[in-house]
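First the structure, in the form of structure tokens, and then the observations on it.
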Amino acid sequence: MIQFHSLEIPELERFLERHKSGLPLRSDFDLDLVLRQILQKANEFVPSESGSILLDDPFRKVAARRENELVFIATFGEAGRDLVGQSLSARFGIVGQVYQTGTPYLSADVQEDTFFYPDIDRKLGHKTHSAVCVPIYIGKHVCGVLELINKLTGAPFTDRDKTLLEIFAGYTSFTLQNALDSKRAHELAKKDDLTGLFNDRWFNVRLTETLAAARDSGLPAALLFMDLDQFKAVNDCYGHLAGSQVLREVGFLLKRVVQQETATAARYGGDEFVIILPDTELSQGIRLAEEVRQAIAAATFLDREWGFNNPPLHLRNMISASIGVAEHAPDKPTNLSIEQEKSDLLRRADAAMYRAKSLGKNKVVISRAGEEFVVST
């Protein structure tokens, strides 16, 4: 019996973080099941020994396709489980060629094919004879590749096989778009429309849950409170549309930098952002705050055409961030309610952020429970 494999849901969902708007279709779907069904159907169309779905990572995607990496997010066949989660540079192989060109490709004999990249075969102890690949689109943009290896009959793949897979690729793209729309609909009530981060309503829910869980586990937590420096100057000099685009880009940057699975990054209001870090030591929270601060200080905002054909502004060394980090240490008995603890933690993180601003901005200031502020170095 053929086994179909995919990434686990938390890792899998990041690959659907595409900048696409659409009508919500349904709010309940199992993404891993959807991908395994896609591969199963592809194998029914063109029976093969193995196959894969590879997608680019939207958080690290750049305009030049050859500079991206493709990740095996679902596979079937020999050694398929070992491939899930591995990445492949789009510069190499038949898969890379299809991703770069957006054009289907058939290789009847890979040993005679200049695009064939044998390293994966050597790593897995596998022998590829023939391959057929088609691009996967979301909207008008190539986001990955569907690949089948070695026709089950032992014969090479044919042009008819490629045509069948091209037809199926349209179904694949439609299915992924449906999954994306479904995910968006399910998350809509929790998300900030502008940045794509969680909104303040969901932030408050998650902070309450985090502090309640900390009481049970006795584990610490950290809260980051961030405000953008010089953001008003962007609005004053370039207009509020430019300011909104900067906020979008900050949201995308935070999604890229904050990789802890249990973390909650939210827009608190205006140009203020908050990050909840459950089960996290203060030192880890400080490291993340420094990483965020440095990433924002080094970023060039509005580096590409934005909005309705607005030209790039290349805003560099203009935007920075002041960040307050508050420690929550539930190791002592308390008579405070969860809401009182939450209010105190927010107050301390907010006060630490304002201390960072008063010290010259673009700094991280720490508030330990029961202690004065400390400037991160």
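Using our numbering, the first residue of the sequence shown is number 4, and each one after it goes up by one. Cβ coordinates follow ideal geometry from the N, Cα and C atoms, glycine included.
Alpha-carbon to alpha-carbon, residue j and residue i
i: Leu168; j: Val49; result: 7 Å
i: Ile151; j: Thr265; result: First, the amino acid is wrong: residue 151 is Leu here, not Ile. Computed Cα separation, rounded: 35 Å.
i: Gly242; j: Ala236; result: 9 Å
i: Glu293; j: Lys44; result: 47 Å
i: Leu280; j: Pro223; result: 9 Å
i: Val249; j: Gly221; result: 38 Å
i: Ile289; j: Ala268; result: 15 Å
i: Val277; j: Pro315; result: 28 Å
i: Asn46; j: Arg163; result: 14 Å
i: Val74; j: Gly147; result: 9 Å
i: Arg39; j: Leu58; result: 14 Å
i: Arg125; j: Val87; result: 17 Å
i: Trp205; j: Glu212; result: 11 Å
i: Gly25; j: Val253; result: Residue placement at Gly25 is poorly supported in this model, since its pLDDT is 34, which falls under 50; the coordinates still yield a value, given next. Near 23 Å, if we compare the C-alpha coordinates of Val253 and Gly25.
i: Asp85; j: Ile76; result: 11 Å
i: Arg5; j: Thr283; result: Reading off the sequence, residue 5 comes out as Ile, not Arg. Each residue's alpha carbon lies about 41 Å from the other.
i: Arg371; j: Asp347; result: 12 Å
i: Ser30; j: Leu36; result: Residue placement at Ser30 cannot be trusted, given a pLDDT of 39 that sits under 50; what the coordinates show is reported in the next sentence. Their Cα atoms are separated by approximately 15 Å.
i: Ile41; j: Leu34; result: 11 Å
i: Arg350; j: Glu342; result: 12 Å
i: Leu227; j: Val367; result: 10 Å
i: Ala301; j: Tyr357; result: 22 Å
i: Lys23; j: Asn312; result: With a pLDDT of only 36 at Lys23, under 50, the local geometry of the prediction cannot be trusted, and the value read off the model is given with reservation. Computed Cα separation, rounded: 18 Å.
i: Ala66; j: Asn207; result: 36 Å
i: Leu28; j: Tyr174; result: Only weak support exists for where Leu28 lies, its pLDDT of 32 falling under 50; the coordinates are left without a value.
i: Lys335; j: Gln263; result: 26 Å
i: Ile56; j: His8; result: 10 Å
i: Pro333; j: Ser340; result: 12 Å
i: Arg209; j: Asp60; result: 26 Å
i: Thr156; j: Lys143; result: 35 Å
i: Asp239; j: Gln89; result: 46 Å
i: His317; j: Leu244; result: 15 Å
Same chain, Cβ closer than 6 Å to residue i, neighbours up to 5 away in sequence not counted
i: Val137; result: Pro107, Leu149, Leu168, Glu169, Ala172
i: Phe1; result: One cannot answer for residue 1 here, as it falls past the ends of the chain, which runs 4 to 380.
i: Ala111; result: Ser133, Pro159
i: Lys64; result: Asn71
i: Lys165; result: Pro107, Leu109, Val135
i: Phe101; result: Note on residue identity: the sequence assigns Val, not Phe, to residue 101. So the qualifying residues of the chain are Tyr108, Cys136, Pro138, Val148.
i: Thr131; result: Val113, Asp124, Ile152
C-beta atoms of residue i and residue j nearer than 8 Å
i: Arg259; j: Asp195; result: no
i: Met229; j: Val295; result: yes
i: Glu141; j: Gln180; result: Looking at the sequence shown, residue 141 is not Glu but Ile. Yes.
i: Ala2; j: His331; result: The first residue shown for the chain is 4 and the last is 380, placing residue 2 beyond what the model contains.
i: Ala225; j: Ala359; result: no
i: Tyr120; j: Gly96; result: yes
i: Lys1; j: Leu200; result: Examination of residue 1 is not possible in this model, given that the chain is present from 4 through 380 alone.
i: Leu362; j: Val378; result: yes
i: Leu285; j: Val261; result: no
i: Ala354; j: Ile369; result: no
i: Gly272; j: Asp203; result: yes
i: Ala298; j: Gly327; result: no
Own chain partners of residue i with C-beta closer than 7 Å, once the 5 adjacent residues on each side are dropped
i: Lys364; result: Asp232, Ser323, Ser325
i: Asp274; result: Asp230, Leu231, Phe234, Leu250
i: Asn338; result: none
i: Asp122; result: none
i: Ser176; result: Ile139, Tyr140, Ile141
i: Arg319; result: Thr303
i: Thr178; result: Val37, Ile41
i: Gln103; result: Arg68, Arg69, Ala93
Cutoff 8 Å; reference residue i; Cβ partners in own chain excluding five residues on either side
i: Met321; result: Gln233, Ala236, Val237, Phe304
i: Gly99; result: Arg69, Leu73, Leu91, Ser92, Ala93, Phe118, Tyr120
Check: residue i C-beta below 7 Å from any heavy atom of the ligand NAP
i: Gly88; result: Judged by which ligands are present, the structure shown has none, so any question about the ligand NAP falls away.
How do the stretch 39–56 and the stretch 75–94 stand: do at least 3 beta-carbon pairs fall below 8 Å, yes or no?
-> A contact is defined here as three or more CB-CB pairs under 8 Å, and the stretch 39–56 meets this definition with respect to the stretch 75–94.
Cβ pair count under 8 Å reaching 3, the stretch 303–316 against the stretch 196–216 | no
Quick check: the stretch 59–74 against the stretch 111–121, are there 3 or more CB pairs under 8 Å?
-> No, because fewer than three Cβ pairs between the stretch 59–74 and the stretch 111–121 fall closer than 8 Å, the two stretches do not touch.
At 3 residues or longer, and completely inside the stretch 314–358: list those beta strand (DSSP E) runs for me, N to C.
-> 323–331
Can you give, in chain order, each stretch of the alpha helix (DSSP H) that sits fully within the stretch 65–117 and has at least 4 residues?
-> Qualifying alpha helix (DSSP H) stretches, in chain order: 83–86, 96–104.
Which whole runs of the alpha helix (DSSP H) in the stretch 157–231 are 4 residues long or more, in chain order?
-> 162–190, 203–220
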